[in-house]
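The block underneath contains the structure these notes are about, expressed in structure tokens.
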Amino acid sequence: MVRNGTTLTLERKAKGRARKAPAMIRSLVIAGWTGRNAEAMEAHIRELEALGIARPKSTPIFYRVAASLLTTAPEIEVAGDSSSGEVETVVFALDDGLWVGVGSDHTDRKVETVGVTISKQMCAKPVAGTVWRFDDVADHWDELVLRSYAIEGKKRRLYQEGPVARMRPPRELTALYLGKGKRLPKGTAMFCGTLAVIGHIAPADAFEIELEDPILRRKIRHRYAVKRLPVEG
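Following this line, the structure appears as structure tokens:
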């Protein structure tokens with residue numbers, strides 16, 4: 001029997017040690033509207049409303065997306081010039097426990113005005129090839145910082161920046177998604193929410209995403225180029 005999903009090669013870092021190993025991901029969940037601060041979340045909702053995107057039916061909300069969209073590749077292909085990235089923490093439930101990394105919920109904004117669920121399925125979901133053991137950051141989770149840059153030609157501008165404390169933590173999101181006391185099943189990846197952009201939502205030639213741990217003085221970074229394919233009708 002053929003199983004849906006994808007296999008990523010992830011460098012797993014825990015307590016000063018690192019090893020690369022394949023990770024089979026069979027389920028991908030995009031958690032949206034996960035903000036703890038109602039005003040900040042409202043600001044992001046208004047950003048999208050300005051683009052014609054309807055308000056979510058609930059907050060938070062959990063979109064199921066094909067796991068095959070996950071990629072650690074340095075380039076993705078998209079249709080036209082209406083898509084953009086969003087930096088997020090990503091938790092992976094693997095065979096040896098829970099891990100955390102960084103990804104981009106790259107989304108087609110034009111399709112998003114038609115339907116958010118459909119738009120989530122339109123673009124690849126880039127993730128970094130490095131992850132940290134969740135237990136190593138759990139006690140200082142709120143100190144972690146998310147950051148992204150948009151690159152257009154030779155110009156690189158700060159696109160998003162802020163602490164993960166602005167979003168609900170992974171265990172709380174898991175409980176809201178599956179029920180109190182439940183854990184993410186093995187082979188599941190969950191994007192945990194994003195930050196409002198600095199300036200305006202816009203496409204770019206490339207995006208850089210970053211998760212910083214200022215307590216353990218380390219970062220996970222990933223850069224991906226965006227190849228825009230022609231729209232023929």
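The working numbering puts the first residue of the sequence shown at 1, with every later residue one more than the last. Don't be surprised by glycine CBs; every beta carbon is placed ideally from N, CA and C.
Between CYS123 and HIS222, the alpha-carbon positions lie close to 17 Å from each other. Comparing alpha carbon positions, the residue from GLU161, ASP95, ALA38 and GLY32 closest to LEU184 is ASP95.
In the DSSP assignment, HIS222 falls within the beta strand (DSSP E) that extends over 218-229.
In the three-state reduction of the DSSP assignment, LYS120 falls in the helix class, which pools H, G and I. Cα atoms of ALA43 and GLY199: separation of roughly 12 Å, rounded to the nearest angstrom. Residue environment: ILE215 is assigned as exposed (fewer than 16 neighbouring CB atoms within 10 Å of its CB, all protein chains considered). At a cut-off of 3 residues, the continuous stretches assigned as beta strand (DSSP E) that sit fully inside the stretch 94-173 are 97-104, 130-133, 145-152 and 155-163. Segment contact: the stretch 109-117 against the stretch 52-68, three or more CB-CB distances shorter than 8 Å; contact assigned. In this structure ASP139 is exposed. Its beta-carbon is surrounded by fewer than 16 other beta-carbon atoms within 10 angstroms.
By the 16-neighbour rule on beta-carbons within 10 angstroms, SER58 is exposed.
In this structure the stretch 164-173 does not touch the stretch 77-86; the number of beta carbon pairs closer than 8 Å is below three. Pairing ALA225 with GLU86 gives a Cβ-Cβ distance that is not under 9 Å. Note: GLU11 is bridge-paired with LYS20 and THR130 in the DSSP secondary-structure output.
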